[in-house]
Every structure is written in C-alpha cells, then in structure tokens.
Amino acid sequence: MKMWQKVSLICSVILVVVVSVCSALLLAMTKDKLLVSAYEHAELRHVELLNNFLEELDHHAIESDSEKVKHTLLHYCFSRAGEAPSVLVVDGETIYSTLRFSPENYLMPGEAGQRVKYAGKIDGKEYYIIGIQTRITQFPGKVCLVYLVEDISPIHKSVRSMMWTFTLVGLVCTLIGLSLIIILIRRSMTPLRQLQATADSIAAGNYTERADIQSHDEIGSLARNFNHMAESVQRHVEELTATARRQQLFIGAVTHEFKTPLTGILLNADTLQNTYLSEDEQAEALRNIEAQGKWLERLVRKMLGLLTAKYEMRPAELSVNELMERVRESTEALLREKGIHLSVICEEQSIHGDMDLLQSAIVNLVDNAAKASAPGQQVSIRAHGKVIEVSDRGKGIPADALEHITEPFFMVDKSRSKKLGGAGLGLALVKEIVEAHNAKLKIESTEGGGTTVRIRFQG
Amino acid sequence: MKKKLALLLLAFALLLAGCQETPESPVVIEKNQEMMIEVAQKGNETSSLISDFEVPEKFSGDWSGVDNCVVVHADANITLPDEACAPTAKIERRSFSQADADRMLEVFLDGNTLYQEQGVTRQKAQERLEHYQAIQRGEIPWEHDGTIDELPRLIEYYAELARTSPDESERSPASTVFQAYDGLYDERIEGYAQLERGTAHISIGNGAMRHDAVFYMDGYGDINRCNTLYVEQLPEEIEMDMTAEAALEMGNALIASVGNGSFVCDQIKAVAYAEYENEQYIGYFDSGYEMEFVRTVEGFPIAHCPKYEMPPEGGKYLVGAFAGTATPENETYAETWGYERITVHVNKDGVVYFAWSNPYSEPEIQTVDSQLMSFSDISDIFAKMIIVKNSELKVINERNGFVVIRDMDIDNVRLSLMRIRSKDNLDQGLLVPVWDFWGTECSYPEDESYRDLVYNGKYYSVMLTVNAIDGTIIDRELGY
C-alpha cells in the first residue's frame, strides 16, 4: 500500500470515528434536552389538569347519594378539565380514559399528593406518565388517581430521523473529507515524488540534478538536505572520477614514461650485446643503463606522488646546464635514431624546481617535437630569463586542437600518434609538472610552421 | 482494500436498516369506549326495553339551581324506538364514491344531460340591469342592502355582464365524474339539467372536512339551503297539495335508491316554499314536505338534532357558541366531524330539494343488545347534571352584571343512537344509545330593564344527552 493510501485510510478512519462520536454525543444531548423539556411540559399540564379538575368539581358541587351520579359528575368535570390524554381512576374504577391502556398498571401513586412518574414503551409507543393521588373535598371517602399521559414517541421519532440525517450527513462529510484528504495528501506528497524522481535521475548518473522544492516546511528542509547530499555526492563522484582519471593518467603516464628510459636502457643493452664496444664504451653504456634505471625509479615515484597529490615537491635551486645535459643524455639515442638534431642554448644559470620532474617535462617536450619533425630537422631548447622553451619546425598543431592539447589522452592525429607509440599523455604530464612548479605553460603553434612550448617560471 | 471497503459498506447498510421507522399501531378505540362496550356486552337477550331498564311512560319533575337562575321543568313523553334491542356499532367517516354519484345522477337527472353551470347568463344580467335602471329612473324604490350610492356601480356591473355573459342557450356538458376542485371541496361534480318540471341543479363534493351532495330545483333554494317556511310559521293557513303519507312514500323511495344503508324518516313537516321580492317575503308559491332521514342500526335510529347538524364555516366551530359560553377570553376553535344528515323536500311533482352531508360508512356492529343503565339512574343523573351543565350561567351573569334566568321545559325524552368519538379522532366513532332530553329553552333577565340585552326567543332542541350505557354526559356540540 502506498504512503498516500495509508495516510488517507488512517485520516478517513479518524474522520469517521470523530464524526460518529460527535453525532452520537449531539444526538444524545439533543434527545435528553427534548425529553427533559417534554417532561417539564407534561408535569405542568398535569398540575393544570389536576387544578382544573378540582376547580370544576368545586364549581359544580352537588349533593347525591347515587354512585352513578357521582361518577357521571366526576366524568363530566374531568372531561372538561383538560385536553391532554388523561385518566381518572376513582376507588379502583376507571371513570374517564382517553387511552387504550391502563396507566395504573405501570404507575401507582402512593401517598396523597405524591406525584409519581414513569417513562417507557407501551404498545410500541414511548409514553411519559404522571400520576397523583388526590382527595376530593366533595367526595371525601373516595381515592382519586389522576393520570396524564404524554406521548413522547414523536421525540424518539425525531431523534431517529435526526440519526438518519446525521448518518447521511456523516456519510457525505466522510466522502467529501476523504476526497479532500486524498487530494491534499497527494498534493503534499508531490515534493516527495519530485525528490524520488530526482534521486532516480541522480542514480542514473545525472549528478547535476537537484530537487526544485522551495517550501519552508520539513519537506523543504528535506529537499535542501537532499540537494546538499546530491552536491556532496556530485563532488565526491567528480573527485573519484578525477582520482580515477588521475590514476588512469598515472598508469598511462607511468606506462608512457617507461618508454623513454626503457628505450635508452634497451638501446644500451642491445648495443652492449650486439656491438663491439671498448671497455670505456661498455662502462659508459652500463652507467647510462643505471642512470636511466634510477631516473625511471625516481620518475615513477614522483609521478605517483604528483598524480595522487601525495608527493610534496621540494624545489631547490638547480643548474640549468645540468638539466639541459640530462635532457640531452635522455634523448640523444631517440633523436639519433630519428635523424633529428638537438640544439641547446642555455642563457639561464639556475632555476627553482625539481630536477627529475623538470627533466621529464622537457624530455616529453623534446619527444613531442621529435615526433612532429621530419628527419634532418632540428629541435631547439633554449633557457633564458626564467623561461625554458622547446621549439621545432615540424608540422605544427591545428588551431582548434590547441586548447585541448594538454588534456590527458588527447591526440591531434590518433592514428599517427599511436603508430609513433603515443598515448596522448605527454603534454598532460608536462602541464601537471609545470603547475606543480607554479609555472605557466604556453604553447604556440601553426600548422606546417612548427611549435614552440614555453615554460615560464616564477621569478 | 476492497474487502475492507465491502465490510464498511455492509456495516453502513446494517446501520441504516436498523434505523427503520417504528410502524404506527392500528387505530383502536379509546378506553372510555372500550369500557362502554364491555358494559354493553353484558346485556342479555331482552324482549322489552321498558321492562328491563325500568322505563316509565312519562318523565316529569322540577329542578332548579345556580342560585335559581336555572329552572327546569319536565313533563315529557318517553319515546322509544320500535326495536327492542339497543346496539352499538363502529362507524367511520367516508366520502361520496363515484358509485354514490352515479346513483344520484341517475335518480335526479332522469336521463337528461348534465350541463356546466353558467353562472350569470346574459338574460339574467339583462334582467338585473333593467331592474336597477328602473330604480335609477325612480320607478322602483331602493330596498337593498347598502346605500343607493352603489347604484351606478351596480348598473355598470350588470351592463358589462349583459355584454359578456353567455347566452342561456349556450351550454356545454358537465363531467359526471369527480373533477379536482379548488375551494371548499377537493373534488366535485357540478352542473344543471333541464327536466320536464324545470331546471335542476346538482352538486356532489368531497372535501377535507366535509362531504355534501345537494340537489335542488330552480326556485326552491340553493346550494346552501331550501327556501322553506314551516306551515305553522305562515301568517295564513294553507291547503297542502299532497298528504304526508304520499310524501313519505316518495322520500323512502328516493332514499332506497341513493342511500348506502338502512334509513328511516325521523321527522316530517309540512312546509311552504317562499317567494321573495327585494329579499322580502311576498308569499309562497308551492307547498310540500320536509323529511329528515336518519340512519338505523339493527332498526335502531340515530337521532336527528338539527341544531348540531349545521355545518360550521371552514370545518371548525367556535366552542361554546351554542351554549353561549364563548367569550373573547376563552375563544377556541375546534375541528369538527359533522353529523350525517339527509334532508329531502318533495312536492306533488317529486323531489324539489335533497341534501346529504357527511355520509357514514356501513356500521360495524359491536353489540346487538346492549346492557343499559336503568332509567331511574338516568333520571337521577339528569336531575343533577342539567343544573351542572348550565352552571356557566352564573359566570355569564357575573360577567354581564345582571341576572338572566334560563327556563327549560322538557317535553320529550327519546332513546336513540348517537355518534360519539374520541377527542382527537375525526374519522372514527361509535354509535351508542343515548337518552336525549328534548325541550324548549328561553332566557330572560330578572330585571326587565335589561330586556333589550337578552335574546327573548325560544328554541327547541336537546337540553341534555345522557349515555344510556354508562350515564356519562355527552356534548353534542363536541361529539364526546
């Protein structure tokens, strides 16, 4: 059962119970009031009847020994005394009665002057009987019972009629109330349904989705909290996505960076195996292998730290000449293979940075420049005024690709890059290293006119 | 959910079913009447009312009371019905059925067509117009109600009627079945027919409080009364065209044709049919007999009391109007159930007037031979109660400030049936044997100087009615 159905049912039950209880109370109170009023009215009429009867008797005093005459007189005076259904019983004999039953069977007054009352059902009708025993001055020996009977069936009939009416009204009120309850509850549930839809949308991956609920009640508060939660989820998802991407980038970067030193190591190893080298040349090759291996190890560690934000870079003053020399050593085998000449101009003495990371960055730039150049062309590195720039006269980068060129895995020409062993990570890594040094990276390129990449360090 | 809804609806249905209205109990006679019938049922088969209930030949005596303001003298014959046994019977009010109407139409129209009443015809309007124009010319004196200033208006009125009223020859048939009617009656058959002996009018109407069937010939009366003067009231002696026996035979034949039970003629009087000019009696144009028919039960007649059979206006009457006890302070109106009355007027040519009001249903016998109270007890009761019944005279005298003496002279004591009812029952009653003490009443002031303030006429009617079974006093005005 849905929430709105449960709430509607509960409210309806409460409504029915309340309406029924109120109706019953109202009916009971009304009945009591009507009956009390009827009883009081009947009692007044009884008093009036008795007084009128005694007055009539006083007015029509006769002298007679005949019981029949006395009875006739009593009958005559009593019949003129009042209009209400009434009974006169004298010495146990009914002298006058406008009823179908004998009230003395239900009510017997005790002492003279004592008024007694009875309310009950007789022959299917509700009656209120008042009786009194009285003495008649004219006939002192006679015991007279004067009864007045009030038919209160109309009151009970009215109450039953009212009960019908109340039942009908209650039914109508319940139906109307139920309809209103359902409408109102469903309307009040609308924000929850919106929240549900928003949650579903977020679960489907639309992390920017938010619940548009502006109310100031608990549901509005819930919606605001939900939106906060969604924002937090979005942020975490983005962070996780960024982290995943970083990890992916790291894995790609590590894989990517493996290539250069591994190439150097493999080339040196191949040379050692297949080429006759002098001992000095062998030692040089081995030193090269060791240097590449260590560089590789340092690079992987730093890359990991850089990409997982766990590496705390400790920049130091480093010699630009030494940096250039390391770059030359790292790239000379690759450039030689491609037939590309490397020009290094060093006009800056020192810069503030991490030697290994900067070496990796510039090696990446030289590697990209080499890939873009044709055999016989030159790649230049120039360090001047806190700027290190790497230039080539290669095929350049199209203008529409320039803004994406530093995005991870972006490749201008995928097929060519893969053929050349690229993964689209080089410039992304360069950017990460430059940003870690609080430096600026600028790339200028024209298609067919070559590319210049500048790293400007803070002075 | 559906199961719960079904249970809920079932509960409601049970609740509603339990709230059915308690059915009304069938109407039963009140205890007074029940006791009376019980007493009456103690009667054995008798052969004579006189011997079993000690009924003497004459009733006589003198009584006075209310400080000698009420003086009663009785030297009365006692009239007993031919039947030896006094029954009791239940009776109900009924309306005229279509069968009743068909019988009456067949008898009175004698095969002629019933036409719609035309009201004032062109001829009648012309007649009145010429009459008032003659007054205007001074040829006839003004002797009408109102002032002569109304004459121009009357001339204009009848001139307009003479222009617009239908001609006597224009007539359309009237319906012979009851039609809805807006007035004193709820449904009515009404019209006139051209008989050989003259124009006859008939009206049969059923209303909420009264039912009337009236037939009259033109000139003999109207819907409300017959233009009669009793022969003894005439200034001159007249010779009757027919005998009372012949009239009675005619009346019996008529009643046998239209009545719905057993009826006898209770009273027959020679009458003259008066002629009026300018609303003044100028003589009589015909003579005949007036008969009052009463219903009988097992041969026992219901008494005819004309004073109490006058129909009240609007179905209600002023309580105490006849007794003279009604005052502005105690003025109350009570609904009434008029007594059944059948009046027939005949002349040598046939029925000239017939009126049947408030018909009863066929009586339902309760006791065939009722146990009655002995006449000596009845006498004792009369002696005391006649004074008691007139004791209001003391109040009247005190209110008026002078003493009025009321004389009653009882000349006939009659045993017959009377319809009594419960106070709140206007549809069902009981026919019981009663003793009616008939006499003449007249009132006069003790001090002659107040003569002009007291009505000095005499009227003959029932002075006291005593229930023959239990000796209780019955007020004919009220019916209980």
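In order, the protein sequence lines correspond to chains A and B. Position one of the first sequence corresponds to residue 1 (this note's numbering), numbered consecutively onward. Position one of the second sequence corresponds to residue 460 (this note's numbering), numbered consecutively onward. Virtual Cβ for every residue (Gly too), placed ideally from N, Cα, C. Treat the numbers as computed from the prediction; the structure is a model and nothing was measured.
Residue burial classification, residue i (beta-carbon count within 10 angstroms, cutoff 16)
i                : result
tyrosine 76/A    : buried
methionine 922/B : buried
serine 484/B     : Because serine 484/B sits at a pLDDT of 36, beneath the cut-off of 50, its placement in the model cannot be relied upon, and the point is left open.
methionine 3/A   : exposed
serine 79/A      : buried
valine 486/B     : Only weak support exists for where valine 486/B lies, its pLDDT of 42 falling under 50; the value from the coordinates is given anyway. The residue is exposed, with fewer than 16 neighbouring Cβ atoms inside 10 Å.
glycine 477/B    : In this prediction, glycine 477/B scores a pLDDT of 45, lower than 50, which makes its location untrustworthy; no coordinate-derived value is stated.
histidine 384/A  : exposed
alanine 283/A    : exposed
valine 450/A     : Checking the sequence shown, residue 450/A turns out to be glycine, not valine. Buried.
Test item: CB-CB of residue i and residue j under 8 Å
i                : j                : result
histidine 670/B  : proline 822/B    : no
lysine 117/A     : isoleucine 136/A : no
valine 17/A      : glycine 170/A    : no
tyrosine 679/B   : valine 525/B     : no
methionine 867/B : glutamate 905/B  : no
valine 387/A     : valine 327/A     : no
tyrosine 675/B   : histidine 660/B  : yes
threonine 702/B  : valine 723/B     : no
leucine 148/A    : valine 847/B     : no
isoleucine 879/B : isoleucine 933/B : yes
threonine 580/B  : valine 891/B     : no
isoleucine 213/A : alanine 223/A    : yes
serine 373/A     : glycine 394/A    : yes
tryptophan 796/B : isoleucine 837/B : no
leucine 707/B    : aspartate 569/B  : no
lysine 549/B     : glutamine 887/B  : yes
valine 146/A     : leucine 50/A     : yes
methionine 563/B : valine 805/B     : no
Alpha-carbon to alpha-carbon, residue j and residue i
i                   : j                   : result
aspartate 883/B     : glutamate 67/A      : 29 Å
phenylalanine 166/A : serine 179/A        : 19 Å
lysine 445/B        : alanine 81/A        : In the structure as shown, chain B begins at 460 and stops at 939. Residue 445/B is therefore absent and cannot be evaluated.
glycine 710/B       : leucine 588/B       : 40 Å
proline 482/B       : aspartate 151/A     : Per-residue confidence for proline 482/B stands at a pLDDT of 37, beneath the threshold of 50, marking its modelled position as unreliable; no derived number is given.
phenylalanine 567/B : threonine 802/B     : 15 Å
asparagine 849/B    : leucine 874/B       : 22 Å
glutamate 695/B     : glycine 742/B       : 10 Å
arginine 519/B      : glutamate 551/B     : For the record, residue 519/B in the displayed sequence is serine; it is not arginine. The alpha-carbon atoms of serine 519/B and glutamate 551/B are separated by roughly 37 Å.
leucine 688/B       : aspartate 700/B     : 16 Å
isoleucine 340/A    : leucine 262/A       : 20 Å
threonine 174/A     : phenylalanine 555/B : 53 Å
leucine 876/B       : tyrosine 39/A       : 40 Å
asparagine 926/B    : glycine 938/B       : 12 Å
arginine 858/B      : alanine 112/A       : 36 Å
serine 820/B        : glutamate 799/B     : 10 Å
serine 445/A        : isoleucine 405/A    : 11 Å
serine 12/A         : isoleucine 181/A    : 8 Å
glycine 916/B       : arginine 865/B      : 12 Å
alanine 439/A       : histidine 216/A     : 49 Å
aspartate 354/A     : serine 232/A        : 35 Å
tryptophan 601/B    : glutamine 592/B     : 11 Å
Residues of its chain near residue i, where Cβ-Cβ distance is below 6 Å and the 5 sequence neighbours each way are ignored
i               : result
glutamate 542/B : Gly758 and Phe759
glutamine 575/B : Ser631, Ala633 and Gly650
histidine 460/A : Outside the displayed range of chain A (1 to 459) lies residue 460/A, so it cannot be described from this structure.
tyrosine 640/B  : Glu646 and Arg647
Own chain, CB closer than 7 Å to residue i, minus 5 neighbours either side, in chain order
i                : result
glycine 466/A    : Look at the range of chain A in this structure, 1 to 459, and you will see that residue 466/A is not part of it.
isoleucine 840/B : Val925 and Gly930
valine 344/A     : Met324, Arg328 and Ile381
Same chain, Cβ closer than 8 Å to residue i, five either side skipped, listed in chain order
i               : result
threonine 331/A : Thr260, Leu342, Val363, Val366, Asp367 and Ala370
glutamate 281/A : none
- Could I get the ranges of all uninterrupted alpha helix (DSSP H) runs contained in the segment 251 to 292 of chain A, with 4 residues as the minimum, in chain order? none
- For the segment 194 to 226 of chain A, list the alpha helix (DSSP H) runs that are entirely contained and at least 4 residues long, ordered along the chain. none
- Item | Segments assigned alpha helix (DSSP H), at least 4 residues, entirely inside the segment 667 to 725 of chain B | 703 to 717
- Ignoring anything shorter than 4 residues or poking outside the segment 484 to 565 of chain B, list the alpha helix (DSSP H) runs there in chain order. 490 to 499 and 508 to 511
- Secondary structure, beta strand (DSSP E): runs of 3+ residues fully inside the segment 826 to 894 of chain B: 863 to 880
- Message: Give the list of continuous alpha helix (DSSP H) stretches no shorter than 4 residues that lie fully inside the segment 343 to 430 of chain A.
- Response: 355 to 372, 399 to 402 and 414 to 419
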